[in-house]
Structure formats: structure tokens, C-alpha cells
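Enquirer: My questions all concern the structure below.
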Amino acid sequence: MMAGHLPVPNMAAPTASALPRHGAPAHAHCQGHDGGAAGAVAAPRPLGAERGGGSAGPGPGPVSPRGTRGHGGEGCGEPLGRSPLIARPRRSRQWQPDIEWAQQYAGAIMYPSKATEKWVPPPWNDKDPVAHKKVSSLTINFGPQHPAAHGVLRLVLELSGETVKRCDPHVGLLHRGTEKLIEYKTYLQALPYFDRLDYVSMMCNEQAYSLAVEKLLNIQPPPRAQWIRVLFAEITRLLNHIMAVTTHALDIGAMTPFFWMFEEREKMFEFYERVSGARMHAAYVRPGGVHQDLPLGLMDDIYEFVKNFSIRIDEVEEMLTNNRIWKNRTVDIGVITAEEALNYGFSGVMLRGSGIKWDLRKTQPYDVYDQVEFDVPIGSRGDCYDRYLCRVEEMRQSLRIILQCLNKMPPGEIKVDDAKVSPPKRAEMKTSMESLIHHFKLYTEGYQVPPGATYTAIEAPKGEFGVYLVSDGSSRPYRCKIKAPGFAHLAGLDRMSQGHMLADVVAIIGTQDIVFGEVDR
1 MMAGHLPVPN
11 MAAPTASALP
21 RHGAPAHAHC
31 QGHDGGAAGA
41 VAAPRPLGAE
51 RGGGSAGPGP
61 GPVSPRGTRG
71 HGGEGCGEPL
81 GRSPLIARPR
91 RSRQWQPDIE
101 WAQQYAGAIM
111 YPSKATEKWV
121 PPPWNDKDPV
131 AHKKVSSLTI
141 NFGPQHPAAH
151 GVLRLVLELS
161 GETVKRCDPH
171 VGLLHRGTEK
181 LIEYKTYLQA
191 LPYFDRLDYV
201 SMMCNEQAYS
211 LAVEKLLNIQ
221 PPPRAQWIRV
231 LFAEITRLLN
241 HIMAVTTHAL
251 DIGAMTPFFW
261 MFEEREKMFE
271 FYERVSGARM
281 HAAYVRPGGV
291 HQDLPLGLMD
301 DIYEFVKNFS
311 IRIDEVEEML
321 TNNRIWKNRT
331 VDIGVITAEE
341 ALNYGFSGVM
351 LRGSGIKWDL
361 RKTQPYDVYD
371 QVEFDVPIGS
381 RGDCYDRYLC
391 RVEEMRQSLR
401 IILQCLNKMP
411 PGEIKVDDAK
421 VSPPKRAEMK
431 TSMESLIHHF
441 KLYTEGYQVP
451 PGATYTAIEA
461 PKGEFGVYLV
471 SDGSSRPYRC
481 KIKAPGFAHL
491 AGLDRMSQGH
501 MLADVVAIIG
511 TQDIVFGEVD
521 R
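Heads up: the sequence shown at position 47 corresponds to 47 in UniProt numbering, and the numbers run straight through without jumps.
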């Protein structure tokens, strides 16, 4: 008998002698069965003895009209279901516990083994320690349709709470295959592609490409063309820095400078339009000089603009420079040391903001930058605030250079005097068939450039914009590699944003001044 189980009542039938004889009073059996007559029921037989046959079997008899079941045809009986002589379910049919299931309760501690292994006694002071759970960091997408992404930037950010642990930029969403397309165009037809790289500083890109082609051709544009180039390069720098500073402020929450300065930006687009016919993609600076001379009255209007523009810069500084919220959002945010900036390949404001005085207009002057005076502002801490101050001061220095260009603008030609490179004038084409044929051949077939290779870099508003141009002697470039400054800056975004909050990533992207036309190319 298993411990914990009730004893099973003996189902053995009474012996034949114990049963009442035929004709005997019925109550004798009843009394003996109820315990009133001693020895009325014989000793029980083993289980299953009823299978031996005979009329004394325990099988249920017929049901009497009074609702009781008799035994062996007797009239005495108990109500239905109450008689102990009714056969109970046999032991063989009873539920038996599974052996494997029962084994887990065999030990002294009535726990399953897995639970027993995990059980740890409480600490000595009966206070459970705080449960240390390994929290997995959150991974989110920033962009590519985010308004503060400055284009099609996609960042995969790994956050611990709201702190950035890792920042993985995914580029290439604006890839257009510019470098490959240039290989199928003539040297002149390739020029408009450069307008569309950094589409905020258009003429500076054209200037880099034109200088590279001129270096391979071994020609030098006339002085007036060089001064016009420098004049419009600095106007372009103003365009770029207005966009950089005001959109940076807009991302952080300062809306007013954006609307104030874009009014001034519109005036500079008018200068672009008057000199080239296009507001943005000018294709004005070309190998050998510029496309056409300045129209009458343009220099006077530029002077009037420059005279009032410094007041606009003062207004922006009044709004931002000592603003408590602006300083909270930019001071000590996105710090990059001078050593790290050099290792990452930073250039332009990103390098000068960390305290390195490096400006290609000073160190490797091109066109007539060696004939103008200007200062190179540098930062001391290498944070977003220093870079903002550098850009504002560079706008003031650009105004100085523009004024010098207006004062020193020499008369003369605006294209190199080489018929193999420069097309004939329109007036000549109307009277001379040879000039018309020359113009047609020059614009359809282009000019042959001697074999060679050159790397030419300029100080674009965003940094060092370089063009590595390889010629095989034909009228099309064999290879044109474009070195965009924003690509290196974006590579340093992970380092600059680690440990900062998610909202600071927006401030760091703004201070890097990224345009995806040049990053993805």
C-alpha cells in the first residue's frame, strides 16, 4: 500500500454460508451486514475471488419496485449506490502515477531538480540584492527623410537610454555616378556636373575643376578673369556660410536668423543670375577664364550689398552668440581635438575650429589670393560653438576680400587668348563662316588635353575640395576623382557624437555642414 493513499475497501463477496437461506427472514442478512449480528459476514476473500462462478457472485441483482437492488433475488437491499457490496472500480483500472513523474518527488526536498539547482539561500541580512538585468541598447534609424539630416543622411544610432553609444552613417542614397559620367563627356561638357556636387557653393566647385584643366593645358587665365573668379568665390562662401549657420540654428530651434539671412542670400543669387543667367548652377567659371564679362552696374550693386551686409551679420550674432540656449546646445558639444581632426582628414572650418591654422588660400594660394589681405580665424576648444564663431568671422573676412576685388579689378580680357580652348566671340560668328565652324567643333568635339595627371585643391567653404584629373591625350578625361571635404567630416560623426544625447546629434550634423551632392557624388 502506497503512503498517502486511502485503503481500498475489500470487494470480496460474502460466503455462501453467510448468505441467508431461502425462506429465512430478510433482516438477518441486513443486520449481519450492518454489524448487528456478529459473524454474520464471513472473512473476506482475496480480490477477484468472485470470478470463481456459482450463484453467490456479487453481480447486481434485479432492481425491486421499491427502488432498491436486491442481492441474489433477495428483497432486502439499500438505496442505489449505497451498498458496500456493489462492485467498486477495480484496482487494475485505477489511475497509477507515471514512474518518471513520481521519481521527481523521491527526494527529501519536494522540488523538481531544475528548481532545486536554481534555489539560492537568502543573504545573511535577509535583504535580496537588486536584480541586475542586462539591458540591451536601442537601435533606431535617423533619416534619411529627417528634416535635420541636411539631405538623404541615414544614421543607424545605438542608444543607451537617450545617450548615443554608436553612430553609423549610411551614405550613397544620392549617388549619381558623377565621376563615371565625366569620363564620357568632353572637358567643357563635364563642367556642369561640378555645380551639382556641393550645390550650395557652386562656383567654387567650378573653380577647382577649371584650375585642374588649366594645369594640364599649361595655360593661365588673364588677370581680370582671375579677379572675377575670386570675387564670386567669396560671394559663394557667403552663400554657403549663411546656409550653414542659419540652418544649424534652425535645427536647434532658432528660426529668426534663417529668415533674415535668406533675404540677403536672395540678393546674391541675383548677382549670380546677372553674370551667368542662372541662379544656382551657373557654369560660369570655365577652363581658360570665365564665360562672359561682368554686366554694367553689377560691381556697384555688389558694393552696396557688401556695405550693408556686415550689419546683417551683427544682427545674427546679436541673436545667437551670447544666447544662453544657443551656448547650452553648442558649447562642449561635438568636441574634436586637433590630433583627431588631422587623423580623420578634416579640413576647412572643421580643422580650424580645433586650433589648426590651415587655409589653402594662404598656404597654397591660387588665382589672385596671394594679392588680397585677410585673416584666418581659428578656434580653441574644437566644439560646435567654436566652429560657429569661425564661420561668422569668415563671412566678415569674405567681405574684406570682395571689397579688395572690387577696388583692384583690372580691365582686360576674361578668357585666355588661345583659339584651341576659347570659343570665338558671337559677333565674329555672325560674319565669319570659319568662326562658326570653329565654335561648332569646339563645343561638340572639345579640345585635346595633353597626357598627364594633376591633383588640384582649393579652399572651398566646407574644406579642401580636390580634383584628381587624369588625361590620356583625348578630348575626354580618362579619370576624374573628386575629393569632397564632407565625406571625411561625416566619417568623424561617430567619434564626435559618442556620449552625447540624441538631440546633440542634430547639432553636430549642423556644425559639420554636410551636403550630400558631394558626399555621395
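Just so you know, even glycine gets a beta-carbon here, dropped at the ideal spot from N, CA and C.
This one's a predicted model, so the numbers in the text were calculated from it and none came from an experiment.
Bridge partners for ASN308 per DSSP, in chain order?
Expert: Paired residue(s): none; ASN308 is not in a bridge.
Enquirer: Is there contact here, the region 325 to 335 with the region 367 to 385, by at least three beta-carbon pairs under 8 Å?
Expert: Taking 8 Å as the limit for Cβ pairs, the verdict is that the region 367 to 385 does touch the region 325 to 335.
Enquirer: Going by the beta-carbon positions, is the gap between LYS415 and ALA225 smaller than 8 Å?
Expert: Yes, the Cβ-Cβ distance between LYS415 and ALA225 is below 8 Å.
Enquirer: Could you tell me the alpha carbon to alpha carbon distance between THR139 and ASP168, rounded to whole angstroms?
Expert: Distance between the alpha carbons of THR139 and ASP168: 11 Å.
Enquirer: Taking all protein chains shown into account, decide if ARG21 is buried (16 or more other Cβ within 10 angstroms of its Cβ) or exposed.
Expert: At ARG21, the pLDDT of 47 sits below 50, so the modelled position is not reliable; the number obtained from the coordinates is stated separately. It is exposed - the Cβ of ARG21 has fewer than 16 other Cβ atoms within 10 Å.
Enquirer: Answer with buried or exposed for GLY517, where buried requires no fewer than 16 other C-beta atoms within 10 angstroms of its C-beta.
Expert: When all chains shown are included, GLY517 counts as buried.
Enquirer: Quick one: give me the first and last residue of the alpha helix (DSSP H) that PRO257 is part of.
Expert: It spans 256 to 276 - the alpha helix (DSSP H) in which PRO257 sits, taken as one unbroken run.
Enquirer: Fully enclosed by the region 135 to 216, which beta strand (DSSP E) runs are 3 residues long or longer?
Expert: Runs of the beta strand (DSSP E) inside the region 135 to 216: 138 to 142, 154 to 160 and 163 to 170.
Enquirer: In whole angstroms, what separates the C-alpha of MET278 from that of GLU339?
Expert: A small fix is needed here, since residue 278 is Ala in this sequence, not Met. Distance between the alpha carbons of ALA278 and GLU339: 42 Å.
Enquirer: Keeping to the same chain, check which residues put their C-beta closer than 6 Å to that of LEU240; ignore five residues upstream and five downstream.
Expert: For the sequence presented, residue 240 should be read as Asn rather than Leu. Answer for ASN240: VAL200, SER201 and PRO461, listed in chain order.
Enquirer: Can you list, in chain order, the residues of its chain with a C-beta nearer than 7 Å to that of LEU191? Leave out the 5 residues immediately preceding and following it.
Expert: These residues qualify, in order along the chain: GLU206, TYR209, ALA283 and ARG286.
Enquirer: What are the complete alpha helix (DSSP H) segments, minimum 4 residues, inside the region 334 to 384?
Expert: Whole alpha helix (DSSP H) segments, 4+ residues: 338 to 344, 349 to 352 and 360 to 363.
Enquirer: Would you call the region 220 to 234 in contact with the region 468 to 481, where contact means no fewer than 3 C-beta pairs closer than 8 Å?
Expert: At 8 Å Cβ cutoff, the stretches do not touch.
Enquirer: Excluding the 5 residues preceding and the 5 following GLU428 in the sequence, name in chain order all residues of the same chain whose CB lies nearer than 7 Å to its CB.
Expert: So the qualifying residues of the chain are SER435.
Enquirer: Can you give the Cα-Cα distance for ALA491 and GLY510, rounded to whole angstroms?
Expert: Taking the straight line from one Cα to the other gives about 15 Å.
Enquirer: Whether or not the region 385 to 405 and the region 296 to 313 are in contact is what I'm after, with contact meaning three or more pairs of Cβ atoms, one per stretch, closer than 8 Å; do they touch?
Expert: Enough Cβ pairs lie closer than 8 Å, so yes.
Enquirer: I need the straight-line Cα distance from VAL421 to ASP195, nearest angstrom please.
Expert: The alpha-carbon atoms of VAL421 and ASP195 are separated by roughly 21 Å.
Enquirer: Taking the alpha-carbon positions, what's the PRO424 to ASP417 distance?
Expert: Taking the straight line joining both Cα atoms gives about 10 Å.
Enquirer: Go to LEU469, then tell me how far its beta strand (DSSP E) extends in each direction, as first and last residue.
Expert: Counting along the chain, the beta strand (DSSP E) containing LEU469 begins and ends at 463 to 471.
Enquirer: Measuring CB to CB, does HIS500 end up less than 8 Å from VAL164?
Expert: Taking 8 Å as the Cβ cut-off, HIS500 and VAL164 qualify as a contacting pair.
Enquirer: In whole angstroms, give me the CA-to-CA distance for ASP359 and ARG229.
Expert: The straight-line gap from Cα to Cα measures roughly 18 Å.
Enquirer: Find the nearest neighbour of TYR388 within the set HIS132, TYR447 and ILE252, judged by alpha-carbon distance.
Expert: Closest option to TYR388, Cα to Cα, is ILE252.
Enquirer: Please report the Cβ distance between ARG361 and ILE378, rounded to the nearest whole angstrom; I am assuming they are in contact, meaning their Cβ atoms lie under 8 Å.
Expert: At roughly 14 Å, the Cβ-Cβ gap does not stay under 8 Å, so ARG361 and ILE378 are not in contact.
Enquirer: Using a C-beta cutoff of 8 Å, does LYS441 count as contacting chain D?
Expert: Among the chains of the structure shown, chain D does not appear; only one protein chain is present.
Enquirer: Mind checking whether LEU181 and VAL152 have CB atoms under 8 Å apart?
Expert: No, they are not a contact pair.
Enquirer: Throw me the rounded Cβ distance for the GLU158 and SER137 pair, which I believe falls under 8 Å.
Expert: With 8 Å as the limit, GLU158 and SER137 qualify as a contact, their Cβ atoms being about 5 Å apart.
Enquirer: To the nearest whole angstrom, what separates the beta carbons of GLY172 and ASP520, a pair I think is in contact under 8 Å?
Expert: Indeed they touch by this definition, with Cβ atoms about 6 Å apart.
Enquirer: Please confirm whether any heavy atom of the ligand NAP lies closer than 7 Å to the CB of ALA457.
Expert: The ligand NAP is absent from the structure shown, which contains no ligand whatsoever.
Enquirer: My parser needs the beta strand (DSSP E) runs of 3 or more residues fully inside the region 403 to 467; what are they?
Expert: If we require 3 residues or more, the beta strand (DSSP E) runs fully inside the region 403 to 467 come out as 452 to 460.
Enquirer: Helix, strand or coil, according to DSSP, for ILE325 in the structure here?
Expert: Residue state, collapsed to three classes: helix.
Enquirer: Going by Cα to Cα distance, which pick from LYS185, THR454 and ASN322 is closest to TYR443?
Expert: Nearest option by C-alpha distance: LYS185.
Enquirer: Between the alpha carbons of LEU238 and CYS405, how many angstroms are there, rounded?
Expert: Near 15 Å, if we compare the C-alpha coordinates of CYS405 and LEU238.
Enquirer: Along the alpha helix (DSSP H) that carries ILE482, what are the first and last residues, could you check?
Expert: No alpha helix (DSSP H) contains ILE482, which is instead part of the beta strand (DSSP E) from 477 to 483.
Enquirer: How would you label GLU247, buried or exposed, when you count the other beta carbons within 10 angstroms and need 16 or more for buried?
Expert: It should be pointed out that residue 247 corresponds to Thr in this sequence rather than to Glu. Buried.
Enquirer: Counting along the chain, where does the alpha helix (DSSP H) carrying ALA233 start and finish?
Expert: Counting along the chain, the alpha helix (DSSP H) containing ALA233 begins and ends at 223 to 252.
Enquirer: With a Cβ-Cβ cutoff of 8 Å, do ASP504 and ALA244 count as a contact?
Expert: No, these two residues do not count as a Cβ contact at 8 Å.
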